[in-house]
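Going down the list, the sequences are from chains W and F. Residues 1 to 335 (the working numbering) make up the first sequence, in order. Residues 336 to 428 (the working numbering) make up the second sequence, in order. Idealized CB from N, CA, C, for every residue including glycine. For clarity, every value in this text was computed on a predicted model and none was experimentally measured. First up is the structure itself, then whatever we jot down about it.
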Amino acid sequence: MIIENFNHKMAAHCESGTITSLLNHGGLNITEPMVFGIASGIFFGYFHKMKSFAFPTFIVRNKPGQMRINIEKRLGVRFKTYDFKDPVKGQQTLDLLLHQNRPTAAQVDFFYMDYVPSWERVHINVHFLVVAGKENNRYIISDAYFPKMVELDAVSLEKGRFAAGNMSPKGFIFHLDKLPSEIDYHKAITKGIKKACFYMLSIPIPFLGIKGMRMFAKKVVEWPQFARDTEHLSHEIMKINILLEDQGTGGAGFRFMYATFLQQAAAMISKPELKELSGELMEIGDGWREISLFSARIGKNRDLGPAKLKQLSEMIYDRADVEERFFKSLSRVIK
Amino acid sequence: MSESLADLKLDIKKLIIITLGIDQVDPKDVDDEKPLFGGDNALTLDSVDAIEIIMAIQRTYGIRIADQNTARQVIGSINSIARFISEQQSNST
């Protein structure tokens with residue numbers, strides 16, 4: 001059976017896309033950028049030396065799972081969540097929810113999703129999808145990165161849901177439990193923007209927000225010290241492009257998606273200044289895309305001397321400066 | 336002034352060849368419909384080339400391919416790139 005009236009839609013990002021899909025199915029007409037913006041999804045963090053990362057890295061969104069929590073708080077919706085130690089119980093509960101006609105989101109290790117071509121599969125324990133039915137012991141999956149719904153056998157889904165390692169899913173699933181009768185979008189949008197501005201401008205942690213961008217700019221010239229050889233360094237530098245452009249970011253490290261949110265928010269809460277800022281952020285995103293291109297190019301050509309890394313560093317410093325000005329303007333508008 | 340679809344496709348091929356510095360490829364040998372990635376077209380590209388092409392299209396035609404799901408579909412073939420550019424140009428007029 002496939003859940004009645006479930007509409008599959010592609011989305012830019014798996015988590016915001018999954019939440020949007022569940023809300024839309026429940027009857028709430030909301031877009032993915034609106035979910036992302038209200039959930040204060042935009043972020044920046046740089047991790048130079050941390051146990052959980054083998055090499056310095058950065059993030060461009062808030063932590064996995066936080067979008068759902070923020071959406072619940074700000075829209076007043078309720079998701080029912082479950083996690084499991086026992087895979088058998090995990091599957092039984094999922095089957096029961098499907099039997100009750102509830103599209104159910106699941107956190108999985110992307111690697112086990114065998115509908116994805118093998119060369120694209122990597123171990124990421126925080127991929128989200130919607131399970132929208134089950135037929136002949138195969139689950140019907142709505143994965144935001146795919147144009148159509150796909151099938152996945154029960155064993156692969158179980159492996160994905162109960163994969164071990166950092167941020168292991170532990171069988172985590174959730175479904176929409178309750179929608180409020182009314183939503184105060186003005187309040188939700190305002191709160192979402194204020195929190196994003198706080199994270200970007202004022203969070204007192206030196207590797208997060210704009211401060212994190214500047215740390216990234218400062219430290220990227222030291223990356224050769226961490227690399228085994230030129231091949232390894234080129235792989236890590238090219239990963240900058242992947243993290244900004246190719247991991248469900250909607251382009252330019254979520255900057256384009258947040259710009260779309262601001263454009264939609266401008267109309268919803270009658271604040272035309274947000275539309276102007278949306279245009280500004282699109283241009284800021286173009287600058288991040290230049291960084292993607294530059295990183296991909298120097299990585300591919302193994303052109304990784306100190307002068308090139310310094311140039312990359314300067315480009316990142318420049319993004320920090322423009323984003324600082326942008327978020328200051330945004331916080332003034334939303335005061 | 337809008338150019339014909341055939342001219343647009345030729346321009347796209349030239350743009351890709353110049354952008355990627357592969358001037359040994361003759362634009363006439365590039366098939367319009369065959370995949371540009373992982374296929375047997377005269378132009379065979381990798382994922383790093385993708386961002387180069389996206390940026391080049393953005394600069395040349397003044398249109399943004401923001402979302403990577405869209406980007407993946409758009410830069411699949413010369414025909415899909417030409418279709419996207421034509422649609423974007425007609426939407427903006």
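- Query: Name the DSSP bridge partner or partners of His127 of chain W?
  - Reply: Within the first sequence, the letter at position 127 stands for residue 127 of chain W. W:Val108.
- Message: Among W:Asp286, W:Arg74, W:Met315 and W:Val126, whose alpha-carbon lies nearest the alpha-carbon of Lys187 of chain W?
- Response: By one-based count along the first sequence, residue 187 of chain W stands at place 187. Checking every option, the nearest Cα to that of Lys187 of chain W belongs to W:Arg74.
- Of all the CB atoms in chain W, is at least one closer than 8 Å to the CB of Phe372 of chain F? To locate residue 372 of chain F, count along the second sequence from 1; it is residue 37. Not an interface residue.
- Query: Alpha carbon to alpha carbon, what distance is there between Ser313 of chain W and Met336 of chain F?
  - Reply: Translated into positions along the second sequence, residue 336 of chain F becomes position 1. Translated into positions along the first sequence, residue 313 of chain W becomes position 313. Residue placement at Met336 of chain F cannot be trusted, given a pLDDT of 41 that sits under 50; what the coordinates show is reported in the next sentence. The alpha-carbon atoms of Met336 of chain F and Ser313 of chain W are separated by roughly 41 Å.
- Message: So Phe207 of chain W contacts chain F; which residues on that side make the cut at Cβ distance below 7 Å?
- Response: Sequence index remark: in the first sequence, residue 207 of chain W carries index 207 (1-based). Neighbours of Phe207 of chain W in chain F, taken as residues at a C-beta separation under 7 Å, are lacking, since the least C-beta distance is about 26 Å.
- How would you list, in chain order, the residues of chain F whose beta-carbon sits under 8 Å from the beta-carbon of Phe256 of chain W? Counting from one through the first sequence, the residue named residue 256 of chain W turns up at place 256. Near Phe256 of chain W (Cβ distances below 8 Å), the residues of chain F are Arg399, Ala401 and Asp402.
- Can you list, in chain order, the residues of the stretch 378 to 400 of chain F whose Cβ is nearer than 9 Å to any Cβ on chain W? Asp381, Ser382, Val383, Asp384, Ala385, Ile386, Glu387, Ile389, Met390, Gln393, Arg399 and Ile400
- Among residues of its own chain, excluding the 5 on either side of Ser427 of chain F, which ones have a beta-carbon nearer than 7 Å to its beta-carbon? Walking along the second sequence from the start, residue 427 of chain F turns up at place 92. If we look at Ser427 of chain F and ignore the five residues flanking it on each side, it has no Cβ neighbours.
- Query: Which bits of chain C does Lys300 of chain W rub up against, with CB to CB less than 8 Å?
  - Reply: Protein chains W and F are contained in the structure displayed, whereas chain C is not.
- Grouping DSSP H, G and I as helix and E and B as strand, with all else coil, what is Arg138 of chain W? As a working note, residue 138 of chain W is residue 138 in the first sequence. Arg138 of chain W falls in the strand class under three-state DSSP.
- Coarse secondary structure for Asp177 of chain W, derived from DSSP in three states: Here residue 177 of chain W is taken as the residue at index 177 of the first sequence, counted from 1. Three-state result, Asp177 of chain W: strand.
- Item | Nearest-angstrom beta carbon gap, Lys134 of chain W and Leu98 of chain W [assumed within contact, 8 Å] | On the first sequence, residue 98 of chain W is found 98 positions in, with the first residue counted as 1. On the first sequence, residue 134 of chain W is found 134 positions in, with the first residue counted as 1. Taking a contact as a CB-CB distance under 8 Å, the pair Leu98 of chain W and Lys134 of chain W counts as one, their CB atoms being some 6 Å apart.
- contact_flag[the stretch 409 to 421 of chain F, the stretch 249 to 260 of chain W] where n(CB pairs < 8 Å) is 3 or more: The stretch 409 to 421 of chain F is not in contact with the stretch 249 to 260 of chain W.
- Query: By the 10 Å Cβ neighbour count, where 16 or more other Cβ atoms means buried, how is Ile205 of chain W classified, buried or exposed?
  - Reply: Reading the first sequence from its first residue, position 205 is the one you call residue 205 of chain W. Result: exposed.
- Between Tyr139 of chain W and the rest of its own chain, which residues show a CB-CB distance below 6 Å, the 5 nearest in sequence each way excluded? One-based indexing of the first sequence puts residue 139 of chain W at position 139. Within the same chain, Tyr139 of chain W has close Cβ partners Val131, Leu152 and Leu157.
- Task: Spell out a yes or no on whether the stretch 369 to 386 of chain F and the stretch 341 to 355 of chain F are touching, meaning 3 or more CB-CB pairs, one atom from each, closer than 8 Å.
- Result: yes
- Task: Have a look at Ile203 of chain W and Ile183 of chain W and give me their C-alpha separation to the nearest angstrom.
- Result: Position 203 of the first sequence, counting from 1, holds the residue named residue 203 of chain W. Position 183 of the first sequence, counting from 1, holds the residue named residue 183 of chain W. When rounded, the distance between both Cα atoms is 28 Å.
- Message: At a CB distance below 8 Å, what residues from the stretch 277 to 304 of chain W approach chain F? Give them in sequence order.
- Response: Met282, Gly285, Asp286, Arg289, Glu290, Ser292, Leu293, Ala296, Arg297, Gly299 and Lys300
- Neighbour list for Met238 of chain W in chain F, Cβ cutoff strictly below 8 Å: Mapped onto the first sequence, residue 238 of chain W falls at position 238. Neighbours of Met238 of chain W on chain F, chain order: Val383.
- Task: Please decide whether Glu245 of chain W counts as near chain F, where near means a Cβ-Cβ distance under 8 Å.
- Result: Sequence index remark: in the first sequence, residue 245 of chain W carries index 245 (1-based). Residue-level contact check: Glu245 of chain W touches chain F, since one or more beta carbons of chain F fall below 8 Å from its beta carbon.
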